[in-house]
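A.B. asks: In our numbering, the protein residues as written are 8 to 441.
Beta carbons: idealized from backbone N, C-alpha and C, even for Gly.
Computed from a predicted model, the values in this text were never measured in an experiment.
Structure in structure tokens, see below.
Below, the structure written as structure tokens:
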């Protein structure tokens, strides 16, 4: 009897001890991702060719390599491919880990470690032209676009969506569109190469403020780029080195300047679209800490230039379904509205022409052709999206006016529609939804 009691108590003690012991580690088999794809298949999931990846890894392979083989460490190549896969998809780290057979916490460390080392290469790959030959080459490429002389770069800002950083200053990162972002300033050349980047300002900060506090402005003020110009949109202040479009061009000379400015500056709009489509993590809203997001932004800019230098044309998956259109300038919006207004078949819902699909398609193609004179690469999809935005904004303001409480007075209402006089005709042809 006593023997049975002692044996049962000892087994219970053993079970208790086993519960306290940590679970044995499950070492997952490592996948050789680099050799799992041929040269053509490799570009789609990683956005770079195999040759580019090998040269890139050689720059910091020793820093990624473990000093010993304890716990089956991930190879430097797989660490780099893990980060590239994240940039190319913007997917959750759990999904990346499942595809690569590693834990999500390991994916997180790989992304941050690789992003840090790539971002350190920014001074080599992201820089303004310094020598006379480099400056002359940049000026020549810009001049080929629309005969605008003396241009050394096109400048603009783009919003990179992030999650709320939390804390007392979280609302500083909410931009004018209502979502949290980092406002990134970029300067590029005519070949879509990034020459300067500032990635540290909250989304609520205006791009003119970012430029006013940038090192690039100090370099221009110090006359480092004498008799050279940058082209910016109407949100910047026009100076003797930063040229902006005219508010109301009238003379023939002013119209020539306006057209040349729009066509030449269009490269920065194209760059924003190409950069974000090459690395969709920039537009998917990264669920990471702000400090890590800043490194990833700079790292993807470096990788974009590396791909550009190797003259790679990375294929974008057809199912991306991305509509990351460049923004319209004020003069372009006004022209779009006039072209749209002249074609009632697109908006006059009570007319027979509105139901004629052939007529509507032809009208949109006519607008597309006309806009390409002042805005290269304009598409029908962009036109539809912009018109829908204008209509929605206008009708939203109309609802605000109608919903003002009696006795409150109209002095509390602030009109936010810039093109109200131009789009007022929409109100006579559109019915608001309840």
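Start and end of the alpha helix (DSSP H) containing residue 213?
C.D. replies: Following the DSSP letters along the chain, one finds residue 213 in no alpha helix (DSSP H), marked with neither H nor E.
A.B. asks: Could you pull the start and end residues of the alpha helix (DSSP H) that residue 95 belongs to?
C.D. replies: 83-96
A.B. asks: Counting pairs of Cβ atoms below 8 Å between the stretch 269-283 and the stretch 90-102, do you hit three or more?
C.D. replies: no
A.B. asks: How many Å lie between residue 304 and residue 289 at the Cα?
C.D. replies: Rounded to whole angstroms, the separation of the alpha carbons of residue 289 and residue 304 is 7 Å.
A.B. asks: Using the beta-carbon count (16 or more within 10 Å), is residue 279 buried or exposed?
C.D. replies: buried
A.B. asks: Can you tell me whether residue 249 is helix, strand or coil according to DSSP?
C.D. replies: strand
A.B. asks: Does the stretch 202-218 come close enough to the stretch 148-158 that 3 or more CB-CB pairs lie under 8 Å?
C.D. replies: Judged by pairs of C-beta atoms under 8 Å, the stretch 148-158 does not touch the stretch 202-218, as fewer than three such pairs exist.
A.B. asks: Measuring alpha carbon to alpha carbon, tell me which of 394, 73, 372 ends up nearest residue 6.
C.D. replies: What the structure shows of the chain is the stretch from 8 to 441, and residue 6 is not part of that stretch, so it cannot be assessed.
A.B. asks: At the level of alpha carbons, what is the spacing between residue 65 and residue 57?
C.D. replies: 12 Å
A.B. asks: For residue 416, which three-state DSSP category applies?
C.D. replies: With a pLDDT of only 46 at residue 416, under 50, the local geometry of the prediction cannot be trusted, and no value is derived from it.
A.B. asks: Residue 311 to residue 252, Cα distance in whole Å?
C.D. replies: 28 Å
A.B. asks: With distance defined between alpha-carbon atoms, name the residue in 51, 81, 131, 121 nearest to residue 109.
C.D. replies: 81
A.B. asks: Using the three-state DSSP reduction, which class does residue 119 fall into: helix, strand or coil?
C.D. replies: In this structure, residue 119 counts as helix in the three-state DSSP scheme.
A.B. asks: Taking the alpha-carbon positions, what's the residue 126 to residue 144 distance?
C.D. replies: Taking the straight line from one Cα to the other gives about 26 Å.
A.B. asks: Tell me the start and end of each unbroken beta strand (DSSP E) in the stretch 114-194 that is at least 3 residues and wholly inside, in chain order.
C.D. replies: 158-168
A.B. asks: Tell me the DSSP bridge mates of residue 206?
C.D. replies: 191
A.B. asks: Output needed for residue 22: all residues of its chain with C-beta closer than 7 Å, excluding positions within five of it in sequence on either side, in chain order.
C.D. replies: Same-chain partners within the cutoff: there are none.
A.B. asks: Which of the three DSSP states, helix, strand or coil, is assigned to residue 40?
C.D. replies: coil
A.B. asks: Contact between the stretch 361-378 and the stretch 338-347: three or more CB pairs below 8 Å?
C.D. replies: yes
A.B. asks: Going by DSSP in three states, residue 347 sits in which element: helix, strand or coil?
C.D. replies: Looking at residue 347 - three-state DSSP - the assignment turns out to be helix.
A.B. asks: Could you tell me the distance, in whole angstroms, from the CA atom of residue 135 to the CA atom of residue 227?
C.D. replies: 11 Å
A.B. asks: Which residues in the same chain have their Cβ closer than 7 Å to the Cβ of residue 394, if we skip the five residues on either side of it in sequence?
C.D. replies: 347
A.B. asks: If you draw a straight line from the alpha carbon of residue 61 to that of residue 122, how long is it in whole angstroms?
C.D. replies: Going by the C-alpha atoms only, they are around 16 Å apart.
A.B. asks: Using the DSSP secondary-structure output, state which residues sit across from residue 361 in a beta bridge.
C.D. replies: Partner(s): none; residue 361 has no beta bridge.
A.B. asks: Ends of the alpha helix (DSSP H) at residue 264?
C.D. replies: Counting along the chain, the unbroken alpha helix (DSSP H) around residue 264 starts and ends at 259-285.
A.B. asks: Among 19, 399, 299, which has the Cα closest to the Cα of residue 169?
C.D. replies: 299
A.B. asks: Check whether the stretch 176-185 and the stretch 216-233 are in contact - that is, three or more C-beta pairs closer than 8 Å.
C.D. replies: no
A.B. asks: Taking the CB atoms as reference points, tell me whether residue 67 and residue 119 lie closer together than 9 Å.
C.D. replies: no
A.B. asks: Quick check on DSSP: helix, strand or coil for residue 107?
C.D. replies: helix
A.B. asks: First and last residue of the alpha helix (DSSP H) that includes residue 238?
C.D. replies: Here residue 238 belongs to no alpha helix (DSSP H); instead the beta strand (DSSP E) covers 236-238.
A.B. asks: Suppose you measure from the CA of residue 71 to the CA of residue 86; what does that come to, to the nearest Å?
C.D. replies: Distance between the alpha carbons of residue 71 and residue 86: 8 Å.
A.B. asks: How many angstroms separate the CA atom of residue 172 from the CA atom of residue 259?
C.D. replies: 50 Å
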